[in-house]
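So the structure is just underneath, and the comments pick up after that.
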RNA sequence: GCGCCCGUGGCUCAGCUGGACAGAGCGUCUGACUACGGAUCAGAAGGUCGGGGGUUCGAAUCCCUCCGGGCGCACCA
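In the working numbering, the protein residues as written are 166 to 720.
Next up, the structure:
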């Protein structure tokens with residue numbers, strides 16, 4: 166933990182610890198932690214400060230721990246006990262009121278609770294999905310859509326100025342292949358014999374598009390000049406495919422701020438400008454009639470072609486221009502989310518940025534592993550070539566947006582995601598989405614009930630100190646952790662941690678609710694329990710919103 | 001062959017900028033409301049963290065090596 170905790174209680178303790186170390190004229194260890202110890206009996210928090218200082222000071226850790234323990238101001242920190250444990254941990258136990266007295270502050274923050282200033286307004290551009298408009302979005306894209314969008318929400322909540330961007334590959338060979346494939350479908354549907362090009366697209370979606378075209382204007386295109394016809398298929402197909410992509414993403418609750426056209430880079434001469442910049446910096450050379458970028462100078466395995474021997478650009482060339490464009494737009498940091506099948510592309514991209522003269526550290530690439538679909542215990546195989554694949558749209562329609570978003574973000578992106586279609590569809594305790602949502606619905610119901618019985622919540626009537634033990638205290642602690650979860654998840658670019666936290670929060674709340682009658686108690690107690698429930702509801706709403714999942718009032 | 005990711009209880013995973021006897025969920029077994037929603041809760045069994053070395057006061061976490069799985073190694077995108 167290289168930075169102070171965000172949790173109000175832990176933060177105060179952290180400051181006290183830092184002060185105590187300072188008093189001894191000792192340095193604050195970079196890797197100092199303040200976390201719950203493994204055993205509950207050991208206290209509420211433990212720090213490894215003495216262990217770390219021991220190395221630096223060359224003194225026995227137990228002695229250092231002892232001195233720190235005595236130096237801590239127990240009263241002002243709300244400590245109940247401070248113990249030193251071998252090999253040099255300092256275990257801290259807080260008075261229950263130290264926790265509960267933080268609750269009014271949390272309540273006062275309202276929906277803003279959990280916001281942290283990790284980003285300090287840093288401008289960050291997150292590019293994700295960016296699927297070619299040549300076919301439907303599949304489940305892999307769905308994962309990046311959900312993860313990317315949630316990550317953006319998370320970063321924004323953590324104090325970054327975030328832009329969500331989709332790069333449209335509307336130039337180049339693939340789009341021509343799409344046009345030719347669409348034309349082939351068009352001809353086939355009109356009874357002509359036509360072949361989809363060898364590397365073309367065989368998906369059903371293009372057949373449907375062709376049919377749509379015929380329904381609208383019949384076979385008039387057949388009479389057109391081939392070039393005009395090709396351009397039409399290209400432009401129209403692109404426009405239609407992008408519309409569908411937007412709709413599909415929308416259905417998953419994913420919105421982009423910028424839809425960036427690759428073609429605009431050509432039109433604005435930016436590809437040439439980028440290559441000129443590289444040339445001026447001496448990073449380009451010619452060989453075998455092709456133009457190469459010396460990416461090996463910046464850590465890549467081999468140099469890469471930017472202009473092919475036939476004079477056309479590789480995919481890489483406009484992509485260099487694209488990243489240059491993003492940097493020139495003033496973003497402090499760029500995040501690209503790629504599928505694992507593109508990870509080999511990262512070194513050259515990074516090299517290109519360095520070759521252009523920018524700090525390659527400004528580019529962060531998140532590599533995500535594949536999604537495997539399971540149904541009836543069997544893997545559902547996907548294949549783009551045969552056109553047999555489960556689309557993002559099918560997935561959303563099958564399991565619903567809520568389930569889809571939760572399941573797609575629940576795992577670390579480093580792990581292949583096994584998506585159990587049956588589980589995602591069940592409305593039972595096996596499905597974690599419902600577990601979390603149910604907690605929220607339950608709280609909403611509780612508040613409705615309170616309204617009816619005239620026990621409306623008034624913060625001034627609550628005696629928070631009554632929440633200082635058992636299940637209630639567990640909920641209090643979970644509530645206080647939220648800002649740190651946000652900070653940690655944002656820092657690690659790991660939205661799945663939020664899923665885990667919300668599940669845990671829902672869990673401790675369910676336990677609390679089950680064991681404690683909330684309404685109809687003595688006023689200060691009912692009010693305190695009601696207040697705690699409100700806080701949990703507030704956090705669930707906040708967290709679920711980040712994940713793009715609704716927090717239902719009833720289910 | 002080289003590179004990246006993964007290998008944690010029956011299953012799916014968390015934890016991995018090192019911290020004290022490894023955590024969840026599902027599944028299995030045993031229990032709990034004639035008061036706020038049982039889509040809930042309480043409890044039990046189950047793992048020498050793929051194998052082997054090393055670094056360290058301390059390793060699931062770092063390094064080396066081996067084994068297994070996924071992905072990638074284009075003048076395709």
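Every residue, glycine too, gets a C-beta built ideally from N, C-alpha and C.
Looking at the DSSP output, residue 530 bridges to 501. The way I'd put it, the region 236 to 251 doesn't touch the region 612 to 627; fewer than three beta-carbon pairs between them come closer than 8 angstroms. Exclusion of the five residues before and after residue 348 leaves 398 as the residues of its chain whose Cβ lies within less than 6 angstroms of its Cβ. Classified as exposed, residue 241 has fewer than 16 neighbouring CB atoms from the shown chains inside 10 Å of its CB. For residue 452, the secondary structure class from DSSP, reduced to helix, strand or coil, is strand. Straight through space, the alpha carbons of residue 647 and residue 375 are spaced by roughly 51 angstroms. DSSP, reduced to helix, strand and coil, places residue 718 outside both helices and strands of the structure shown, so it counts as coil. With respect to residue 315, residue 699 sits apart: the two C-beta atoms are not nearer than 9 angstroms.
Assignment of residue 564 by DSSP, reduced to helix, strand and coil, places it in the helix class.
Cβ-Cβ distances below 6 angstroms link residue 355 to 384 in the same chain, with the five nearest sequence neighbours on each side left out; the list follows chain order. Distance between residue 268 and residue 589, taken at the CA atoms: about 35 angstroms.
If you draw a straight line from the Cα of residue 289 to the Cα of residue 297, it is about 23 angstroms long.
By the neighbour-count criterion, in which 16 or more other beta carbons inside 10 Å mark a residue as buried, residue 679 falls on the exposed side. With a cut-off of 8 angstroms on Cβ pairs, the region 435 to 450 is in contact with the region 485 to 501, counting three or more such pairs. The DSSP-derived three-state label of residue 256 is strand. For the pair residue 224 and residue 216, the CB atoms are not nearer than the 9 angstroms cut-off. For the region 637 to 718, the full-length alpha helix (DSSP H) segments reaching 4 residues or more read 661 to 680 and 688 to 711 along the chain.
Between residue 693 and residue 604, the CB-CB gap reaches or exceeds 9 angstroms. Excluding its 5 nearest sequence neighbours in each direction, residue 451 has C-beta neighbours in its own chain below 8 angstroms: 457, listed in chain order. Residue 371 and residue 528 have their C-alpha atoms some 35 angstroms from each other.
The beta carbon of residue 556 lies closer than 7 angstroms to those of 301, 302 and 303 in the same chain, with the five residues before and after it left out. The residue from 276, 368 and 345 with its alpha-carbon nearest to that of residue 360 is 345. Per DSSP, residue 538 lies in no alpha helix (DSSP H); the unbroken beta strand (DSSP E) holding it starts and ends at 536 to 540. Residue environment: residue 406 is assigned as buried (16 or more neighbouring CB atoms within 10 Å of its CB, all protein chains considered).
Taking residue 192 as the centre and dropping the five residues before and after it, the same chain places the C-beta of 221 closer than 7 angstroms to its C-beta, in chain order.
Rounded to whole angstroms, residue 708 and residue 653 show a C-alpha spacing of 14 angstroms.
The distance from the Cβ of residue 366 to that of residue 299 is about 5 angstroms, consistent with a contact at the 8 angstroms cut-off.
Here DSSP, grouped into helix, strand and coil, assigns residue 634 to coil. Per DSSP, the unbroken alpha helix (DSSP H) holding residue 231 starts and ends at 226 to 236. Using a Cβ-Cβ distance cut-off of 8 angstroms, the region 280 to 295 and the region 496 to 515 are in contact, since at least three pairs of beta carbons, one from each stretch, lie closer than that value. Rounded to the nearest whole angstrom, the CA to CA distance from residue 226 to residue 234 is 12 angstroms. Annotated three-state conformation of residue 326 is strand, per DSSP. For residue 424, the uninterrupted beta strand (DSSP E) run begins and ends at 423 to 426, by DSSP. Beta-bridge pairing by DSSP links residue 303 to 556. In this structure, residue 492 sits near residue 523, with a CB-CB distance shorter than 9 angstroms.
The residue from 495, 482 and 382 with its alpha-carbon nearest to that of residue 513 is 482.
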